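What follows is a set of notes on a single structure, which appears directly below.
2 protein chains.
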Amino acid sequence: MTRLRPIKKRSAEVEAAEALRNHVIGGGVHPGERLTEVRLAEALGLSRTTVRTALHQLANEGLVVQVPYTGWAVTSLTSADAWELYTLRGSMEALAARLLTETLDADKESQLHRSLSDLTSACQKGDEVAVVDRDLALHKLVVALSGHRRLMEQYRLIEQHIRLYLIWSDRLMRSHKDIIDTHRPIVDAIVTGKAKQAESILRDHNESAGRILVEFFNKSDQSPAELPDRPIRRRLSRLRTR
Amino acid sequence: MTRLRPIKKRSAEVEAAEALRNHVIGGGVHPGERLTEVRLAEALGLSRTTVRTALHQLANEGLVVQVPYTGWAVTSLTSADAWELYTLRGSMEALAARLLTETLDADKESQLHRSLSDLTSACQKGDEVAVVDRDLALHKLVVALSGHRRLMEQYRLIEQHIRLYLIWSDRLMRSHKDIIDTHRPIVDAIVTGKAKQAESILRDHNESAGRILVEFFNKSDQSPAELPDRPIRRRLSRLRTR
DNA sequence: TACTTCTCAATTGTCGACAATTAATTTGTC
DNA sequence: GACAAATTAATTGTCGACAATTGAGAAGTA
Chain A
2 MTRLRPIKKR
12 SAEVEAAEAL
22 RNHVIGGGVH
32 PGERLTEVRL
42 AEALGLSRTT
52 VRTALHQLAN
62 EGLVVQVPYT
72 GWAVTSLTSA
82 DAWELYTLRG
92 SMEALAARLL
102 TETLDADKES
112 QLHRSLSDLT
122 SACQKGDEVA
132 VVDRDLALHK
142 LVVALSGHRR
152 LMEQYRLIEQ
162 HIRLYLIWSD
172 RLMRSHKDII
182 DTHRPIVDAI
192 VTGKAKQAES
202 ILRDHNESAG
212 RILVEFFNKS
222 DQSPAELPDR
232 PIRRRLSRLR
242 TR
Chain B
2 MTRLRPIKKR
12 SAEVEAAEAL
22 RNHVIGGGVH
32 PGERLTEVRL
42 AEALGLSRTT
52 VRTALHQLAN
62 EGLVVQVPYT
72 GWAVTSLTSA
82 DAWELYTLRG
92 SMEALAARLL
102 TETLDADKES
112 QLHRSLSDLT
122 SACQKGDEVA
132 VVDRDLALHK
142 LVVALSGHRR
152 LMEQYRLIEQ
162 HIRLYLIWSD
172 RLMRSHKDII
182 DTHRPIVDAI
192 VTGKAKQAES
202 ILRDHNESAG
212 RILVEFFNKS
222 DQSPAELPDR
232 PIRRRLSRLR
242 TR
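Residue numbers (the working numbering), protein chains in the order written: chain A, 2 to 243; chain B, 2 to 243.
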C-alpha cells in the first residue's frame, strides 16, 4: 500500500542551485576552478538567466565567488578560513547546546543517541564518506533540536563549508575511535542537562579541531585540494566586495 | 592638488539591492507589506530581471520573503524572532569580544572609546535616530575589530534586522542614560583585557535586552509596526521553505 | 626589444517578451 | 442563496537577444 505524496513542484532556479551545490561539494569541480554561465546552462539544459540566479544564490552561501564581467569561481580553502569557520561554528553550536539542555525531552534525547550510534557504526565500518556525513549530521542535529530558527538558518549558510573542511578534519584524527571519543561527551553533557558544560565542550571541541586543521594547512602550504586541472584564464583577484 | 580616485562602477543589480534595502529599513514599506517586481522596476527605472535579482539578494538577507508565483513581502517582526535575534547576536558578539581582547592595540582601543563617546553625545542630545545608529555602530565595531571575516559576514546578514528591532529596544529603555550605562561596561571589559568578562557581559547585555523586547511584543500582541496600509490581496501563508 | 595602442573573442550585465501559475471574479447549476 | 466550475486579471518564472566590459594578443612605434 503506497500513499500518494504531493508532487513538489520546485522552480528551475531552486533545482539548478541544488544541482550546482552538489556539484561543488561533491567534488565535481575543484576549489578555485572557474565556472562559466553558458557552459553550466548547457549542461543543465536551462537558460543562462536561471543558472545565473542559482549562481547568485551559491555566492550568498559562500560556495562560489564572482568577479564582475569576468567570471565565477569555486571558493578555495585556506588555513585562515578554517580557523574562522571552526571558531564560528563553535560559538553557534555552543549556543545551540545550551538552549537544547533547557528544552530537552525524551524524543530529542533518543534522536541524539541514535545519531551518535549512527556515527559510531560508520566509524567501525571505516566508511570515510559516511563518517563525514554522520559527523556533520550530529552537529546539525544539535542545532536543529535547539529550536532556534535563525540559528539554523545561519548554520545552514556555513554547513556546506563545514562539510568541505570536515573531510580533512576527520582524516586528521589518529583513528576513527578518536572521533567517537570526542563526540560521546557532547551528547552526554547535553542529555545530563549540564548546560554550561555542554556549551564549553562544544566550543572547545570545535576550536581544537580548528587548530589541528590550521596546523595541517600551514604545513602543506598549498591548499590540500588539487589545483584546478586547467589554469584560470584571467586573474580573479579583484573580487566583488559589495 | 587633487588626487584621482577610482570611479566605482557598481552594477545595477547591486545598486537596486541597496536601494531596496534602504527602502525597507528606512520604513518606506511596512513589515508584511507586499512588493511586486513590476512596480519596483518602474520606480527604479530598471528591468524586472535586475530587480528580481536584487529581491533574491534581499531574500537571502532575510528582509523579504517570497511566495512562488504569488509575490514578495517585507518580513514582519515577531516576539519569537526578537528573542532569536538577540540570543544569536549575543553569541556572536561574545565571540567577537573574546577575540578582540586577544588582539587589542592602542588604535583599536581609541576607536572603541570614540564610538562610545559618539553614542554618549547622541544620547545627551536626545536624537533618537542617531542613538540607534551609534548603538548599532558600537556593536558592529566590536565585531569588525575582532578581525574575524566570517563572523562579520554573518553579522552583516542580520545587521539590518538588528536595526529594525533596535529602534524599539532603545525606545524601551527608561532613559537615554540607561543606554550609556549598559554600554560603558562593555568597552571597559574589553580594553582591560578581561576576555571572559567581556564575553559574558555582551551575551547578557543582549539577552536581557531581548527579554525586554519579547515582553513588550507579547503585551502589544500585534506587531508594533503599523499594519500595511493596503491589505495584502493574496494569502502569503505558504512561504517558500527551500 | 620594450612599450603603447588597437582589435577581437569571451564573458557577464541588462532587457523585453512570452509561458506558467495563482487567486479573485464571474458564471452556471441546483 | 449556496456551491462548483469556468473565466480572467495579476503576478512570477523562464527564455533568448543584445549591450557592456574585460583581458589577451596583434599590430604599430620608438
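Using N, Cα and C, we set each Cβ at its ideal position, and we do this for glycine too.
Computed from a predicted model, the values in this text were never measured in an experiment.
Grouping DSSP H, G and I as helix and E and B as strand, with all else coil, what is residue i?
i	result
Arg250(B)	Missing from the structure shown is residue 250(B); chain B here goes from 2 to 243 and no further.
Val133(A)	helix
Gly28(A)	coil
Gly91(A)	helix
Gly63(B)	coil
Gly127(B)	coil
Gly148(A)	coil
Gly211(A)	helix
Leaving out five residues before and five after residue i in sequence, what residues of the same chain have Cβ atoms less than 8 Å from its Cβ?
i	result
Leu214(A)	Ser80, Ala83, Trp84, Tyr87, Tyr166, Trp169, Ser170, Leu173
Arg164(A)	Ile26, Val133, Leu137
Asp222(A)	At Asp222(A) the pLDDT is 47, less than 50, meaning the model places this residue with poor confidence and gives no usable figure here.
Gln58(B)	Glu14, Ala18
Leu36(B)	Val30, Leu56, Val65, Gly72, Trp73, Ala74, Val75
Whose C-beta lies closer than 7 Å to the C-beta of residue i among residues of the same chain, with five residues either side of it excluded?
i	result
Ser244(A)	Past the boundaries of the shown model lies residue 244(A); chain A is included only from 2 to 243, so the question cannot be answered.
Ile98(A)	First, the amino acid is wrong: residue 98(A) is Ala here, not Ile. Result list for Ala98(A): Val143, Ile191, Ala199, Glu200, Leu203, in chain order.
Gly127(B)	His177
Asn219(A)	Ser80
Glu94(A)	His140, Val143, Val144, Leu203, Asn207
Arg212(A)	none
Arg53(A)	Glu38
In angstroms, rounded to a whole number, what distance separates the CA positions of residue i and residue j?
i	j	result
Gly28(A)	Ala55(A)	18 Å
Ala42(B)	Tyr70(B)	17 Å
Val247(A)	His31(A)	As shown, chain A starts at 2 and ends at 243. That puts residue 247(A) outside it, with no answer to give.
Ala18(B)	Leu47(B)	12 Å
Ser176(A)	Leu146(A)	29 Å
Arg90(A)	Leu120(A)	19 Å
Leu96(A)	Arg151(A)	12 Å
Arg185(A)	Lys195(A)	14 Å
Phe217(A)	Asp179(A)	18 Å
Ala20(B)	Leu101(B)	33 Å
Glu38(B)	Ala13(B)	15 Å
Tyr156(B)	Glu208(B)	16 Å
Leu139(A)	Ile181(A)	11 Å
His206(A)	Glu154(B)	23 Å
Glu129(B)	Asp106(A)	44 Å
Glu16(B)	Thr51(B)	10 Å
Ser111(A)	Gln125(A)	21 Å
Arg40(B)	Ala131(A)	49 Å
Lys197(A)	Thr193(B)	25 Å
For residue i versus residue j, is the C-beta spacing smaller than 9 Å?
i	j	result
Leu45(A)	Gln161(A)	no
Thr104(A)	Gly148(A)	yes
Ala123(B)	Arg135(B)	yes
Leu158(A)	Leu113(B)	no
Less than 6 Å between C-beta atoms, sequence neighbours within five positions excluded: which residues of the same chain meet that for residue i?
i	result
Asn61(A)	none
Leu117(A)	Val188
Run the proximity test for residue i: is its beta-carbon closer than 8 Å to any non-hydrogen atom belonging to the ligand PLP?
i	result
Ala95(B)	Because no ligand of any kind appears in the structure shown, any question about the ligand PLP cannot be addressed here.
Problem set entry | Short-range partners of chain B found in the region 152-169 of chain A, where Cβ spacing is below 8 Å | Leu152, Glu154, Gln155, Leu158, Ile159
For this session: Mind checking the region 40-63 of chain A against chain B and listing, in chain order, the residues whose C-beta falls within less than 9 Å of any C-beta there?
Result: Thr50, Arg53, Thr54, His57, Gln58, Asn61, Glu62, Gly63
For this session: Closer than 8 Å, Cβ to Cβ, to anything on chain A: give me those residues from the region 135-150 of chain B, in chain order.
Result: His149, Arg150
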